[in-house]
Each structure stands twice: as structure tokens, then as C-alpha cells.
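Per full-length UniProt numbering: the sequence shown ends with 111, consecutive numbering throughout.
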Amino acid sequence: MSEFPDVPVSEVAPDATFLDIREQDEWDAGHAPGAVHIPMSALPQRVDELAPFLERDEPLLITCRSGGRVQRVMPWLAQQGYEVANLEGGMIAWQTAGRPMDAANGTPTVS
Numbered sequence: 001m002s003e004f005p006d007v008p009v010s011e012v013a014p015d016a017t018f019l020d021i022r023e024q025d026e027w028d029a030g031h032a033p034g035a036v037h038i039p040m041s042a043l044p045q046r047v048d049e050l051a052p053f054l055e056r057d058e059p060l061l062i063t064c065r066s067g068g069r070v071q072r073v074m075p076w077l078a079q080q081g082y083e084v085a086n087l088e089g090g091m092i093a094w095q096t097a098g099r100p101m102d103a104a105n106g107t108p109t110v111s
């Protein structure tokens, strides 16, 4: 069980800004329009890009495909001073709920 909160898709605004830590090919296939993309593998080098999230009065919502990678990233981000939460079910749940998605080419999908 995680010490960090899980936020159901139904409680997230369709235009919410959150961190998507999937790899580039996953992002290109389909992502939420307001998401910030930093692949998990690049997060230590690019964590400074998240500085604006430190000013917010709400947790930094993080997503991947289904939630597994998020569980590994949240403790590290918490050590960096971020209040974090998991988008429950990841991008699979986002797509299943019919939330808006963009893609680099063609119809957005989560693979």
C-alpha cells in the first residue's frame, strides 16, 4: 500500500496539469493535453523543470501507463520536496474515462 494518495480520474479536471513519466513513444501515441512530459529515466536530470509545482497548494499529480512507475517515482519526488499523488489507473484509466487526449500522429491511444 502506498503512503501517497491515489486520485481517481473522475476527480481530476479534464484540463488539469500533471506529470506524465512515460517514455517518448508512449507519449507520442497519446497523452493528456495539459500534461508535462518528463520520462522517468530523465527525471533526475530534469527535476528542476517541475519547480513551478512547488508553489501550488495541491499535490503534483503523476501518471504513467497504469501506475507502476509512479509508485517508484513518488518517494523520490517527495524527498525532493514535492507533495505528490498518483493518477489512479494511469493513462489507461484516463482514456477509458473518455478524457481528452492528443497524439503526435493519428488517433490517440495508450499502449
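Virtual Cβ for every residue (Gly too), placed ideally from N, Cα, C.
task = Following the continuous beta strand (DSSP E) through residue 16, name the residue where it begins and the one where it ends.
result = For the purposes of this step, residue 16 is identified with residue 16 of the sequence shown, where counting begins at 1. Where residue 16 is concerned, there is no enclosing beta strand (DSSP E), given that its DSSP letter is neither H nor E.
field: Nonlocal neighbours in the same chain, by C-beta distance under 7 Å from residue 84, ignoring five residues either side
entry: Numbered from its first residue, the sequence shown carries residue 84 at position 84. So the qualifying residues of the chain are 4, 59, 60, 62, 74, 77, 78.
What are the boundary residues of the alpha helix (DSSP H) that includes residue 62? Within the sequence shown, residue 62 is the residue found at index 62, counting from 1. Segment 60-63 is the beta strand (DSSP E) holding residue 62; no alpha helix (DSSP H) there.
*asked:* Could you pull the DSSP bridge partners for residue 7 from this structure?
replied: Along the sequence shown, one-based indexing puts residue 7 at 7. Per DSSP, 87.
Where does residue 70 fall in DSSP's three states? On the sequence shown, residue 70 is found 70 positions in, with the first residue counted as 1. Here residue 70 carries a helix assignment [DSSP, helix/strand/coil].
inquiry  = According to DSSP, is residue 36 part of a helix, a strand, or is it coil?
reply    = Against the sequence shown, residue 36 aligns to sequence position 36. In this structure, residue 36 counts as strand in the three-state DSSP scheme.
Take the Cβ of residue 22 as the centre, count every other Cβ of all protein chains shown within 10 Å, and call the residue buried at 16 or more, exposed below. Against the sequence shown, residue 22 aligns to sequence position 22. Its Cβ being crowded by 16 or more others within 10 Å, residue 22 is buried.
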